[in-house]
Amino acid sequence: MKVLITGCHGQVGRELMLLAASYDCEAVGVDRDELNITDQNAVVQAIYKYSPDAIINAAAYTAVDKAEDDVAAAQAVNATAVSYLAEACANADIPFVHISTDYIFDGRKHGDYDEYDVVSPLGVYGETKLAGEEAVQKFCKKYYILRTSWVFSAHGNNFVKTMLRLGAERDVLGVVADQYGKPTSANEIARVIYEMLTSHKQAWGLYHIAQSEVATWFGFAEAIFAEARSQGVALKLSTLNAIQTEDYPTPAKRPANSELNCDKLEQTFKLNIKPWKDSLADVIKDLNHV
Ligand SMILES: NC(=O)c1ccc[n+]([C@@H]2O[C@H](COP(=O)([O-])OP(=O)(O)OC[C@H]3O[C@@H](n4cnc5c(N)ncnc54)[C@H](OP(=O)(O)O)[C@@H]3O)[C@@H](O)[C@H]2O)c1
Numbered sequence: 007m008k009v010l011i012t013g014c015h016g017q018v019g020r021e022l023m024l025l026a027a028s029y030d031c032e033a034v035g036v037d038r039d040e041l042n043i044t045d046q047n048a049v050v051q052a053i054y055k056y057s058p059d060a061i062i063n064a065a066a067y068t069a070v071d072k073a074e075d076d077v078a079a080a081q082a083v084n085a086t087a088v089s090y091l092a093e094a095c096a097n098a099d100i101p102f103v104h105i106s107t108d109y110i111f112d113g114r115k116h117g118d119y120d121e122y123d124v125v126s127p128l129g130v131y132g133e134t135k136l137a138g139e140e141a142v143q144k145f146c147k148k149y150y151i152l153r154t155s156w157v158f159s160a161h162g163n164n165f166v167k168t169m170l171r172l173g174a175e176r177d178v179l180g181v182v183a184d185q186y187g188k189p190t191s192a193n194e195i196a197r198v199i200y201e202m203l204t205s206h207k208q209a210w211g212l213y214h215i216a217q218s219e220v221a222t223w224f225g226f227a228e229a230i231f232a233e234a235r236s237q238g239v240a241l242k243l244s245t246l247n248a249i250q251t252e253d254y255p256t257p258a259k260r261p262a263n264s265e266l267n268c269d270k271l272e273q274t275f276k277l278n279i280k281p282w283k284d285s286l287a288d289v290i291k292d293l294n295h296v
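Structure, rendered in structure tokens:
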């Protein structure tokens, strides 16, 4: 199977490129320079040029806070461009895999969110990602939309790398302890996408993919520092304080709870999603060897 991967230098894009061969897939990776997905003509041409059997869209406008003041750019990448990709896939009659986010929920629910829960984004990033989901559903029949959360990897910008940097620089750090979610490694997202595509189940639709178990950012930070220390990483940090969201104001509001329920994915594709602590150990190992 030949897959065209947009945003191939992002966290998930990179893992998709690395894992393709182990699923006997030929991956053609394109990032903004080779295929700017906001250019509809370029999207159509890419299908002619590469003749893929499926497209995986790992490209997105992911700067959650910046999006609040950069609405047009976020909309162009997360919504309009997704409609171009979805329409092109529908016309070529090939599957479209698209990644979405937990930030389409407002976080007011007690308990985890499944695929049938009401969506109500709190900010521009979530609104534009939701518009992207709607575009996929409007144009395509053969699609997988995968909502995920709190993505980390050894590359790009993410919470794990930020914590390790701050932990090396500072004695004391405060981390938000009243937002709940599920950290998810880019590698596990990529693995699950290939499992879905190569299963040939064609159980098209919307799925949640997040790693067990639920954490707060504070709990995630504790686990990051514990794992780093156990791997011999030198840290200056001596005190990690639990703070509240109101003590760490950000331009974009975050959901207080974005715990994703992944039963539909696990049951439909007979998959076991790994716990994030296992992936965290691998990512810190990778960072140690960079
Ligand atoms: N990161 C998270 O915590 C998180 C959480 C939930 C869901 N998600 C979703 O998961 C997916 C993957 O996220 P990620 O963390 O891997 O993102 P990422 O590391 O920010 O990578 C996104 C990639 O998209 C590229 N891109 C941006 N605009 C583009 C355009 N117009 N044309 C082509 N490429 C473009 C970026 O290139 P440049 O570097 O040139 O901009 C970058 O390589 C996204 O759909 C995101 O919304 C992420």
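Taking this note's numbering, the leading residue of the sequence shown gets 7, the next gets one more, and so forth. Even glycine gets a Cβ: it sits at the ideal position worked out from N, Cα and C.
When DSSP reads this structure, residue 245 sits in a beta bridge with 178. Annotation: the continuous beta strand (DSSP E) that includes residue 107 extends over 102 to 107. The Cβ atoms of residue 267 and residue 186 lie no closer than 7 angstroms to each other. Residue range 17 to 25 is occupied by the alpha helix (DSSP H) that includes residue 20. Beyond the five residues adjoining it in sequence on each side, residue 233 comes within less than 6 angstroms, by CB distance, of 286, 287, 290 in the same chain, given in chain order.
When the beta-carbon positions are compared, residue 9 and residue 53 stay at least 7 angstroms from each other. Your pair residue 191 and residue 159 checks out as a contact, with CB atoms roughly 6 angstroms apart and the cut at 8 angstroms. Scanning 212, 221, 167 for the CA closest to the CA of residue 144 turns up 212.
The beta carbon of residue 257 is closer than 6 angstroms to those of 71, 74 in its chain, skipping five residues each way along the sequence. A Cβ-Cβ contact shorter than 7 angstroms links residue 102 with residue 146.
Under the DSSP assignment, residue 9 falls in the beta strand (DSSP E) whose first and last residues are 8 to 12.
Around the Cβ of residue 135, a 10 Å sphere holds 16 or more other Cβ atoms; the residue is buried. Residue 34 is bridged by DSSP to 10. Taking 6 angstroms as the cut-off, one finds no heavy atom of ligand 1 near enough to the beta carbon of residue 273. At least one heavy atom of ligand 1 lies closer than 6 angstroms to the C-beta of residue 13. Under DSSP, the beta-bridge partners assigned to residue 158 are 191. Close CB contacts of residue 246 within its chain, under the 7 angstroms cut and outside five residues either way in sequence, are with 179, 181, 227, 228, 231 (chain order). Residue 168 and residue 284 have their alpha carbons spaced roughly 19 angstroms apart.
The continuous beta strand (DSSP E) containing residue 211 extends over residues 211 to 214.
Annotation for residue 38 indicates a beta carbon within 6 angstroms of some heavy atom of ligand 1. By the neighbour-count definition (other C-beta atoms within 10 Å, threshold 16), residue 24 is an exposed residue. No Cβ-Cβ contact shorter than 7 angstroms links residue 209 with residue 224. Counting along the chain, residue 53 sits inside no beta strand (DSSP E); it lies in the alpha helix (DSSP H) bounded by residues 46 to 56.
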